[in-house]
Amino acid sequence: MRAVLAGPLAAEARTGHTGWPVVWLFAGYPLWWALGLGQFAFWVFAVPMAAGLVRMHRTRGVLLPRGFGLWALFLLWSVAGLALIGLAPEGTVPGSGGPAGAVMRLGCYLAVTVLLLYLGNLTGEELSDTAVARALGWLCVATAAGGLLGMAAPQFSYPSPVEALLPGPLAADPYLQTLLRPASAQVMDVLGYESARPKAPWEYTNTWGYMLSLLAPWLIAGWVLAGGGRRRCAALLTLAAAVAPIVYSLNRALWAGLVLSAVFLLVRLVRAGRTGTAAAGLLGAAALAAALLASPLMDVVLERAANPHSDEGRAATSAAAVQAASESPVLGWGTTRDMRGGSESIAIGPSPDCPGCGNHTIGNNGQFWLTLIANGWGGTALFLAFFASAAARYRRAAGPVGAAALLSVLLLFWYMFFYVALTAPLAVTMAAVALLWRRARGASAAAGGVAR
18 MRAVLAGPLA
28 AEARTGHTGW
38 PVVWLFAGYP
48 LWWALGLGQF
58 AFWVFAVPMA
68 AGLVRMHRTR
78 GVLLPRGFGL
88 WALFLLWSVA
98 GLALIGLAPE
108 GTVPGSGGPA
118 GAVMRLGCYL
128 AVTVLLLYLG
138 NLTGEELSDT
148 AVARALGWLC
158 VATAAGGLLG
168 MAAPQFSYPS
178 PVEALLPGPL
188 AADPYLQTLL
198 RPASAQVMDV
208 LGYESARPKA
218 PWEYTNTWGY
228 MLSLLAPWLI
238 AGWVLAGGGR
248 RRCAALLTLA
258 AAVAPIVYSL
268 NRALWAGLVL
278 SAVFLLVRLV
288 RAGRTGTAAA
298 GLLGAAALAA
308 ALLASPLMDV
318 VLERAANPHS
328 DEGRAATSAA
338 AVQAASESPV
348 LGWGTTRDMR
358 GGSESIAIGP
368 SPDCPGCGNH
378 TIGNNGQFWL
388 TLIANGWGGT
398 ALFLAFFASA
408 AARYRRAAGP
418 VGAAALLSVL
428 LLFWYMFFYV
438 ALTAPLAVTM
448 AAVALLWRRA
458 RGASAAAGGV
468 AR
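Read in order, the letters of the sequence shown correspond to residues 18 to 469 in our numbering.
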């Protein structure tokens with residue numbers, strides 16, 4: 018952490034009330050995870066960010082990004098949907114959708130909204146693009162290290178200090194333990210036998226994969242392209258070391274997402290006239306593919322291809338989300354619900370021999386499906402329209418930071434079918450939108466335009 022905050026980044030962190038919550042939220046996340054705060058760290062740091070926004074409002078005013086009305090409407094949609102929590106869509110378990118999860122999700126949406134407005138209203142002098150990129154790059158290093166920890170010590174786990182402060186019944190709740198208890202891996206039967214899938218410093222292995230994919234471009238932008246020799250070397254070693262946990266995560270969507278990211282970056286390099294760098298990237302990718310083919314890691318990839326594992330369950334819950342949204346297309350149902358039965362029959366359900374059978378949660382298999390059941394087609398349209406408009410508006414963002422930020426937004430439209438974006442992935446995406454917005458605002462002001 019000290020090395021990451023050295024130099025310009027440390028200067029940004031010492032600028033009083035400006036910038037430091039963003040730096041310490043992202044760069045300090047491994048510490049917050051170790052303490053047991055996990056995703057609640059985004060709530061905690063939203064408080065000083067909100068206080069900073071109040072001070073900005075008093076001194077210079079607070080700007081809103083173009084298209085923010087879409088996001089504000091989505092937040093209102095989420096609040097309105099709470100009125101339907103007590104109802105049960107057809108084919109779901111009555112009473113399975115409670116207010117706790119809905120309130121937590123709403124809190125997460127509000128926290129990332131504060132992050133968007135706070136970071137977007139900071140000037141480059143108060144917190145530079147490079148400082149944000151380096152903080153996110155450090156988080157990528159920590160995520161890769163957590164992947165290696167998950168492989169080396171898959172049983173690593175301990176009760177966190179935050180967990181120890183909770184009353185007994187709350188501390189024993191399995192869901193809260195997942196959020197508050199640091200653990201290195203999820204041990205799951207995916208390949209026909211139990212294997213460890215890395216997840217540190219995140220709650221689930223799917224979140225680990227999503228975050229690594231989002232953060233890798235920031236590592237390249239902030240450490241490789243805008244860093245010194247030692248930082249650049251550390252970044253390249255991190256990317257190389259991440260290959261093994263990426264494979265052992267068994268996350269097929271992550272594998273495809275990394276390919277899509279590589280194609281995006283190569284296209285950007287060619288369009289920018291950096292054909293030499295693009296050619297070097299292609300050679301590096303070819304060398305990596307050859308090494309993977311020749312290594313034992315390829316056996317894991319082939320085993321995963323031969324064991325679809327969750328495909329039937331995902332298809333069933335996705336269809337159930339569409340059905341539920343069709344029954345309440347405007348507001349949705351306020352929160353998730355549990356399916357009645359399993360993917361093959363409504364008669365399938367939990368039993369003493371198979372407590373995990375049946376009754377899968379609708380909306381847990383991707384942000385798109387989550388917004389469908391919780392917010393209906395109307396809320397889903399608002400959610401996606403906000404990010405689609407940002408991607409379209411800032412599609413010509415220049416430079417490494419611009420490319421990393423744009424890619425962070427675009428990846429949402431891939432991973433939303435497989436992984437839930439709350440909370441950390443959505444926070445990174447919102448930070449990307451904030452940087453794109455303020456960079457465009459600065460360019461407009463420099464050209465004599467109207468800043469919005």
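Every residue gets a Cβ at the ideal spot worked out from N, C-alpha and C, and that includes glycine. Source: prediction; values computed, not measured.
With distances taken between CB atoms, is the gap from residue i to residue j smaller than 8 Å?
i	j	result
M433	F385	yes
L389	C125	no
A398	V426	no
G351	A119	yes
E180	G53	yes
F173	V129	no
L443	W94	no
M205	A441	no
L231	V445	yes
W272	P346	no
G141	G459	yes
L3	N324	Examination of residue 3 is not possible in this model, given that the chain is present from 18 through 469 alone.
P234	G163	no
May I ask you to report which of helix, strand or coil DSSP gives residue i?
i	result
Q56	coil
A378	For the record, residue 378 in the displayed sequence is Thr; it is not Ala. Strand, per DSSP.
L452	helix
S95	helix
S266	coil
T294	helix
T140	coil
Should residue i go down as buried or exposed, given a rule of 16 or more other Cβ atoms within 10 Å for buried?
i	result
R455	buried
P471	Since the first residue shown for the chain is 18 and the last is 469, residue 471 is missing from the structure and cannot be characterised.
H377	buried
P184	exposed
T353	buried
G290	exposed
V287	exposed
Y265	buried
A200	buried
C157	buried
D146	buried
Just to confirm the assignment, what range does the beta strand (DSSP E) spanning residue i have?
i	result
V339	First-last for V339: D328 to E344, but that is the alpha helix (DSSP H), not the beta strand (DSSP E).
D206	A202 to D206
Along the chain, where does the alpha helix (DSSP H) that runs through residue i open and close?
i	result
R471	The requested residue 471 does not occur in the structure, where the chain is confined to residues 18 to 469.
S212	Per DSSP, S212 belongs to no alpha helix (DSSP H); it is in the beta strand (DSSP E), E211 to P215.
M356	M356 -> no alpha helix (DSSP H), and no H or E assigned at all.
L197	P191 to L197
T397	Q384 to R410
N223	T222 to L236
A323	L314 to A323
F430	G416 to Y432
R151	D146 to A169
V179	P178 to A181
G246	G246 to A258
Examine chain D for any beta-carbon lying closer than 8 Å to the beta-carbon of residue i, and answer yes or no.
i	result
L182	Among the chains of the structure shown, chain D does not appear; only one protein chain is present.
- Query: Is it a yes or a no for the segment 104-120 touching the segment 324-341, going by three-plus beta-carbon pairs under 8 Å?
  - Reply: In this structure the segment 104-120 lies against the segment 324-341, because at least three pairs of beta carbons, one per stretch, are closer than 8 Å.
Whether or not the segment 243-253 and the segment 188-206 are in contact is what I'm after, with contact meaning three or more pairs of Cβ atoms, one per stretch, closer than 8 Å; do they touch?
Too few Cβ pairs lie closer than 8 Å, so no.
Do the segment 202-220 and the segment 156-172 meet, that is, are 3 or more Cβ pairs less than 8 Å apart? Judged by Cβ distances under 8 Å, the segment 202-220 makes contact with the segment 156-172, as three or more pairs qualify.
Practice item. Determine contact between the segment 325-336 and the segment 73-89, defined as no fewer than three beta-carbon pairs at a distance below 8 Å. Key: Because the criterion of three Cβ pairs below 8 Å is not met, the segment 325-336 and the segment 73-89 do not touch.
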